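Worksheet for the structure shown next.
Numbering (our numbering), first residue to last: 37 to 448.
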């Protein structure tokens, strides 16, 4: 099946180009390109890029706020505890319905790659894992989904969680998760990290941990993760999510840890939409903002991205499954307003997220998979500031979503 996209505006070219797709791959790009094709799409000068990526979300938990009481304190601790009863009673149909709603929103918004964390603990057992693996299978061929076995309740402090982590990987999880700060002491946190890397070595899997999601400057598990990454030779295969405590570190220790993160080749995913809500909830002015040192990490050459993280759950009552909306909030929170910073913000939901997920054949170049989104604007800045409709979402040369919006002013 051939497809021709006409009049596409690429980020790195001023002139409009045509894109020829065959066999699910981009086979040619050029300003004067012509070809016979079964499907012809006119991009009408709109921004045409590789599809968007959500590298950090929790699809087992999305939309639970519709059936649970509201978080009264707004804290991370209460958000976790409120889920316990729900997690005990997870069934596949429920996760498919709640998660499917968000996956379909993300598809319509141009997201065709997702990495989702799944709670693995003695409360839910492997019920969440079963549900999300069923969700992954349902949308196979439209969304490429990586699943992360995530011990939300800790490992040492949740006896039995260690065995469940091994079982989750046997069931088909792709990535080993972790939350080492959610232990009772540094020694237990270190044991948590070591076990996660043991599992990763066994399954030759990448590691993606929630790290130091706290305002407390004495949370130091990021350094533990960096040390273990180097010791195991896992450079380039480890991602640290949140790393909120880094914002509370003094500058000297922050610089020391950032250097270690860079040496270890650790990727960092910040999640401002959630952490702006959860962190600093009990502060008086000045209120801590709850996000990591984005600019300093970027300046050090650390590969970074950000995720939707939560949608309509006990942690975060908002969320639309729209990575451009998340980019807008991230730009505000991290003060990414200069021209090159705006372009980097867009990179973080495209090329940089692809590096973190280690995607093959991703991009808008000849030979890459034809996973493409046409957004109703001319450039990255307008995409972020306006969050306009995604005119076409294309998976391997097939349109999987399209949106048309008509509006009319009648003021004169």
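All C-beta atoms in this analysis are idealised placements derived from N, C-alpha and C, irrespective of residue type, glycine included.
If you're wondering where the values come from, they're calculated on a predicted model, not measured in any experiment.
Taken through DSSP and simplified to helix, strand or coil, residue 373 comes out as coil.
Short of 7 Å from the beta carbon of residue 198, and not among the five residues preceding or following it, lie these beta carbons of its own chain, in chain order: 191, 231.
For residue 165, the secondary structure class from DSSP, reduced to helix, strand or coil, is helix. Contact between the stretch 295-310 and the stretch 259-270 is present, with at least three C-beta pairs closer than 8 Å. At least 8 Å separates the beta-carbon of residue 121 from that of residue 168. The straight-line gap separating the alpha-carbon atoms of residue 403 and residue 174 is approximately 27 Å. Looking only at 187, 59, 165, the smallest Cα-Cα distance to residue 132 is reached by 165. For residue 244, the enclosing beta strand (DSSP E) covers residues 243-247. Rounded to whole angstroms, the gap between the alpha carbons of residue 284 and residue 181 is 33 Å.
Annotation note: the stretch 86-123 contains the following uninterrupted beta strand (DSSP E) runs of length 3 or greater, listed N- to C-terminal: 88-93. If you look at residue 54, you'll find it in the beta strand (DSSP E) that goes 53-58. The three-state reading of DSSP puts residue 185 in strand, counting E and B together. If you check the CB distance, residue 46 and residue 56 do not come in under 8 Å. Taking the CA atoms as reference points, residue 409 sits about 16 Å from residue 384. Under the DSSP definition of a beta bridge, residue 426 partners with 411.
Here residue 313 has 110, 352 as same chain residues with Cβ atoms under 7 Å from its own Cβ, once five neighbours each way along the sequence are excluded. The beta carbon of residue 43 is closer than 7 Å to those of 52, 78, 79, 80, 81 in its chain, skipping five residues each way along the sequence. One thing to note: residue 243 has its Cβ within 8 Å of the Cβ of residue 274. By the 16-neighbour rule on beta-carbons within 10 angstroms, residue 395 is buried. Contact between the stretch 406-425 and the stretch 54-69 is present: three or more C-beta pairs spanning the two stretches fall below 8 Å. In terms of Cβ geometry, residue 423 and residue 360 form a close pair [threshold 8 Å].
Exposure of residue 67 is indicated by the presence of fewer than 16 other C-beta atoms within 10 angstroms of its C-beta.
Residue 325 and residue 278 have their C-alpha atoms some 12 Å from each other. CA-to-CA, the gap between residue 54 and residue 85 works out to about 13 Å.
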